[in-house]
Amino acid sequence: MSRLPRRRSCTGIYHIMLRGINKQSIFHEDQDRVKFLSTLDRYKQVSNYQLFGYCLMTNHIHLLIKENDEPVSNVIKRISSSYVFWYNQKYNRTGHLFQERYRSEVVDNESYLLTVLRYIHQNPVKAGLCKNLQNYRWSSYNDYLKKSELTDTEYVKSLFSENKEQSEKIYCEFMLQEQNDRCLDEEERMNISDEAIEEYFKQYGLKTSKDLFSLEKSKQAEILRKIKLIEGVSERQLSRVSGISRNFIRRI
């Protein structure tokens, strides 16, 4: 069956989500995230798109983009292809990194633009990666409170107020509102996110879950056993995040 054509946005603005293939991690350390942000910046110069917001999670990315000179599909292809080429060289791998087709939704009015931006910025808090939006380094939240070369903030801030100080005050209040926005989020939610499980591995001195492979089997089992006992963590999810076989996890 052929795919349905994507709906076109009358404003040119889209909410984009790129997810790792099989929900695998696409960022293992800060250098990876820095590289992806530099890739976003590089192709802003090439494709002349505007970036209103972003959030880099562990196994997926949210972008709020307005297309200009090129259709958004070309923009995403440029960004993803460039990052995957770099990632595969760094980690000595081949093949796809992202799911074949990125997910997208149109943002046709100013009200929904602000809703999507709030949803994107609140992702790390809802995933348990941080307690406060301003403490998460890998989203555009703080770009709206300082000069930013990457994020185009002026248009969004003008929607709150023409007065700079008032605009920032209203922006912060709006972003901190507790909401159950479900923008582009049709997938079943787990009790504990993959990102939160990755954070548990860091408590045992590992940069990422993939560092388990450098440990002896007994040490692997010790760490996995403790995380397995956390309420809401399933054997299937723990296997997917860590890359350790489900049979091994079941036996420990």
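Position 35 (the sequence shown) corresponds to 165 in the working numbering; numbering is contiguous.
Here a beta-carbon is modelled for each residue, glycine too, at the ideal position from N, C-alpha and C.
Per-residue DSSP class, three states only, for residue i
i: Q307; result: coil
i: K276; result: coil
i: S269; result: strand
i: L336; result: coil
i: K294; result: helix
i: I382; result: coil
i: F228; result: strand
Closer than 7 Å to chain D by CB, residue i
i: S297; result: The structure shown contains no chain D, having only a single protein chain.
Inter-residue Cα distance where the pair is residue i and residue j
i: D171; j: F157; result: 18 Å
i: E159; j: M187; result: 11 Å
i: K153; j: S369; result: 12 Å
i: L345; j: S323; result: 24 Å
i: F87; j: K356; result: Summary: the structure shown does not reach residue 87, with the chain confined to residues 131 through 382, and so no result is reported for it.
i: F378; j: N310; result: 37 Å
i: N204; j: K277; result: 28 Å
i: F331; j: E284; result: 39 Å
i: E365; j: R376; result: 6 Å
i: N293; j: V286; result: 13 Å
i: W268; j: E240; result: 24 Å
i: L280; j: V164; result: 12 Å
i: R312; j: R233; result: 14 Å
i: L354; j: V246; result: 36 Å
Assigned exposure category for residue i - 16 Cβ within 10 Å defines buried
i: C185; result: buried
i: H190; result: buried
i: H226; result: exposed
i: K347; result: exposed
i: I206; result: buried
i: E352; result: exposed
i: K337; result: exposed
i: F215; result: exposed
Range of the contiguous beta strand (DSSP E) that encloses residue i
i: T184; result: It is worth fixing the name first, because residue 184 is Tyr in this sequence and not Thr. Note, Y184: beta strand (DSSP E), 180 to 186.
i: S241; result: Looking at the DSSP string, S241 is not in any beta strand (DSSP E); the run it does join, the alpha helix (DSSP H), is 240 to 256.
Identity of the residues DSSP links to residue i by a beta bridge
i: H190; result: R149
i: R233; result: M147
Extent of the continuous alpha helix (DSSP H) run through residue i
i: F215; result: 202 to 220
i: Q161; result: 160 to 177
i: Q350; result: 347 to 358
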